[in-house]
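Since the structure comes first, as structure tokens, the remarks are kept for the end.
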Amino acid sequence: DAGVTQSPTHLIKTRGQQVTLRCSPKSGHDTVSWYQQALGQGPQFIFQYYEEEERQRGNFPDRFSGHQFPNYSSELNVNALLLGDSALYLCASSLNYGYTFGSGTRLTVV
Amino acid sequence: GESVGLHLPTLSVQEGDNSIINCAYSNSASDYFIWYKQESGKGPQFIIDIRSNMDKRQGQRVTVLLNKTVKHLSLQIAATQPGDSAVYFCAENTPYSGNTPLVFGKGTRLSVIA
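So, in structure tokens, the structure goes:
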């Protein structure tokens, strides 16, 4: 049974560009949450999707947007990339309260 | 906003000794707590959890203690092994009283000295 799958694993983008990160949840999970983890910090909550709608959102600007598809997979989009957006982006899927994390996408903005 | 934090950013222990990692939380409404282990280049891996109606829970070589009076959580690792070297995070939310996002602390790096 596959866990949470994220793609790509690594990505390098130029400041001002746009990026899309993808997440396939663990089988049976219906909720997807996205987190940003800066180097040496704990993961920070970006938003959570359930039933194809954004259910909760953390303190992130509108440049960060997402989507959840009928098969529960999800995308995270970041527009107008800033150097400070460089981080590990983690996807976590859940059913009720048990969270399973993927290995993340390492985004570097240059 | 309220957050979960840790007392010690780094911890070095001898192989075979017991490790204790501490965490303070500020949200008195939190009713679910989780400890995660994160190795380099990987996502957080679930270690053990505890609900607020409990004060102790044991797993394989790990024990989590919850003191709601002082809002303190600890993770005890028995007979620490080199494979335990990682960053450990505590996290909390309120899935039983209105779902809130999982909130993480900054983490404690555990280094096991062989």
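As they're listed, the protein sequences go chains A and B.
Numbering of the first sequence is given in my numbering, commencing with residue 3 and proceeding in unit increments.
Numbering of the second sequence is given in my numbering, commencing with residue 1329 and proceeding in unit increments.
Ideal Cβ positions, reconstructed from N, Cα and C, are used throughout, including at glycine.
Since the structure is predicted, the reported quantities are computational estimates derived from the model, not experimental observations.
If we call anything under 8 Å between Cβ atoms a contact, is residue i one with residue j?
| i | j | result |
| --- | --- | --- |
| residue 86 of chain A | residue 77 of chain A | no |
| residue 79 of chain A | residue 33 of chain A | no |
| residue 1392 of chain B | residue 1378 of chain B | yes |
| residue 1360 of chain B | residue 1372 of chain B | no |
| residue 104 of chain A | residue 6 of chain A | yes |
| residue 15 of chain A | residue 90 of chain A | no |
| residue 1432 of chain B | residue 44 of chain A | yes |
Can you tell me the Cβ-Cβ gap for residue i and residue j, rounded? I've got them flagged as a contact below 8 Å.
| i | j | result |
| --- | --- | --- |
| residue 1456 of chain B | residue 1358 of chain B | An answer regarding residue 1456 of chain B cannot be provided, because it is not within the stretch 1329 to 1442 covered by chain B. |
| residue 1403 of chain B | residue 1349 of chain B | 5 Å |
| residue 49 of chain A | residue 60 of chain A | 6 Å |
| residue 1416 of chain B | residue 1387 of chain B | Going by Cβ atoms, the distance from residue 1416 of chain B to residue 1387 of chain B rounds to 14 Å, so no, they are not a contact pair. |
| residue 107 of chain A | residue 13 of chain A | 6 Å |
| residue 31 of chain A | residue 97 of chain A | 5 Å |
For residue i, does the three-state DSSP call read helix, strand or coil?
| i | result |
| --- | --- |
| residue 1438 of chain B | strand |
| residue 1377 of chain B | strand |
| residue 85 of chain A | helix |
| residue 1387 of chain B | coil |
| residue 68 of chain A | strand |
| residue 5 of chain A | coil |
| residue 100 of chain A | strand |
Just the C-alpha distance for residue i and residue j, rounded to the nearest angstrom, thanks.
| i | j | result |
| --- | --- | --- |
| residue 1329 of chain B | residue 1413 of chain B | Low local confidence applies: a pLDDT of 34 at residue 1329 of chain B is under 50, so the model's placement there is unreliable, with the coordinate-based value given in what follows. Their Cα atoms are separated by approximately 31 Å. |
| residue 1442 of chain B | residue 1367 of chain B | 18 Å |
| residue 1344 of chain B | residue 102 of chain A | 29 Å |
| residue 1440 of chain B | residue 1395 of chain B | 27 Å |
| residue 1420 of chain B | residue 1342 of chain B | 29 Å |
| residue 1437 of chain B | residue 1339 of chain B | 6 Å |
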